[in-house]
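Reviewing the structure listed below.
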Amino acid sequence: NSKVIQTPRYLVKGQGQKAKMRCIPEKGHPVVFWYQQNKNNEFKFLINFQNQEVLQQIDMTEKRFSAECPSNSPCSLEIQSSEAGDSALYLCASSGQGAYAEQFFGPGTRLTVL
Amino acid sequence: GDSVTQTEGLVTLTKGLPVMLNCTYQTTYSPFLFWYVQHLNEAPKLLLKSSTDNKRTEHQGFYATLHKSSSSFHLQKSSVQLSDSALYFCAMLSGSFNKLTFGAGTRLAVCP
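Chains as they are written, first to last, in this note's numbering: chain A, 942 to 1055; chain B, 93 to 204.
The structure is reproduced here in structure tokens:
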């Protein structure tokens, strides 16, 4: 069973507000991923880290989204100015290092932007 | 770019019947495919994975075979149970940094 911890489980924000969510990866997993699952259950990759370094991120993440994985602290994903279209389930996953390493998912943070 | 296609949005079956959920993919890399299952309000959990051509992989009664000739990785089970009702996602590793590309998902509903 996955031991990825995500907080909060539910987050409600108004448009224009900041929304911040956190993820504690499984112990010993240096790679962290963020995915967005929309109301149609479609997944979109946002960003991934190895230790504290960004490996890859999409354009959306570069503009309104910010993410970090500081040493000895939870990883975080923050939306600077929430929009209605950001309402979704945000899933954090972690994995070991190396090609084909299995990703273990947390339960997600469900963001609702009113 | 890389893509994963699941053709069925919803599959409804009676308990005890067999099921096959379709998954095809497109990639320029060597394919590594996964099936994830997501129950309501839970995290996606890995069900199966494979990168070996024509080799059947099995777990918890589900099985799938990666066929590179047809770019397919269909999920099957010989006898579905009520507890199998869930969302099933086919996914593929894309690119150099292990991000997953997911299909649209298939909801499996098993009736008594």
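Glycine included, each C-beta is placed from N, C-alpha and C at the ideal position.
Residues that residue i bridges to, as DSSP identifies them
i: residue 164 of chain B; result: B:116 and B:159
i: residue 181 of chain B; result: B:128
Chain B contact residues for residue i, given Cβ-Cβ distances below 8 Å
i: residue 1029 of chain A; result: Per Cβ cutoff of 8 Å: no residues; residue 1029 of chain A is ~14 Å from chain B at best.
i: residue 1042 of chain A; result: 190
i: residue 989 of chain A; result: 189, 190 and 191
Of the residues the options, the one placed nearest residue i, counting alpha carbons only
i: residue 159 of chain B; options: B:153, B:144, B:168 and B:151; result: B:144
i: residue 112 of chain B; options: B:119, B:118, B:101 and B:120; result: B:101
i: residue 107 of chain B; options: B:172, B:183 and B:165; result: B:172
i: residue 120 of chain B; options: B:94, B:103 and B:136; result: B:94
Same chain only: Cβ atoms within 6 Å of residue i, ignoring 5 sequence neighbours per side
i: residue 170 of chain B; result: 110
i: residue 951 of chain A; result: 1051
i: residue 179 of chain B; result: 130, 197 and 199
i: residue 141 of chain B; result: 126
i: residue 948 of chain A; result: 963
Amino acids of chain A, ordered along the chain, whose beta-carbon sits closer than 8 Å to that of residue i
i: residue 140 of chain B; result: Those do not exist, as residue 140 of chain B stays about 11 Å from chain A at its closest Cβ, beyond 8 Å.
i: residue 197 of chain B; result: 982 and 983
Neighbourhood of residue i by C-beta, 7 Å cutoff - its chain only, sequence neighbours within 5 removed
i: residue 222 of chain B; result: Absent from the structure is residue 222 of chain B, since the part of chain B shown begins at 93 and ends at 204.
i: residue 973 of chain A; result: 964, 966, 989, 990, 1010, 1016, 1033 and 1035
i: residue 116 of chain B; result: 97, 163 and 164
Residue interval of the beta strand (DSSP E) (run including residue i)
i: residue 954 of chain A; result: 951-954
i: residue 194 of chain B; result: 191-194
i: residue 1056 of chain A; result: Residue 1056 of chain A lies beyond the residue range present for chain A, which begins at 942 and ends at 1055; the question has no answer from this structure.
i: residue 1017 of chain A; result: 1016-1020
i: residue 989 of chain A; result: 984-991
Contacts of residue i in chain A (Cβ-Cβ under 7 Å)
i: residue 154 of chain B; result: Chain A residues near residue 154 of chain B: none, gap ~16 Å exceeds 7 Å.
Own chain, CB closer than 8 Å to residue i, minus 5 neighbours either side, in chain order
i: residue 960 of chain A; result: 952, 954, 1019, 1020, 1023, 1027, 1052 and 1054
i: residue 1011 of chain A; result: 993
i: residue 969 of chain A; result: 1037
Interface residues of chain B facing residue i [CB-CB closer than 9 Å]
i: residue 993 of chain A; result: What residue 993 of chain A touches in chain B: nothing, since even the nearest Cβ is about 15 Å away.
i: residue 1036 of chain A; result: 190
i: residue 996 of chain A; result: 188, 189, 190 and 191
Neighbour list for residue i in chain B, Cβ cutoff strictly below 7 Å
i: residue 958 of chain A; result: Result: empty, since nearest Cβ-Cβ is about 24 Å, beyond 7 Å.
i: residue 1046 of chain A; result: 135 and 136
i: residue 974 of chain A; result: 191
i: residue 933 of chain A; result: Only positions 942 to 1055 of chain A appear in the structure, and residue 933 of chain A is not among them; the question remains open.
Cβ-heavy atom distance, residue i to the ligand NAD, below 8 Å
i: residue 190 of chain B; result: The model on display carries no ligand, and the ligand NAD is accordingly not part of it.
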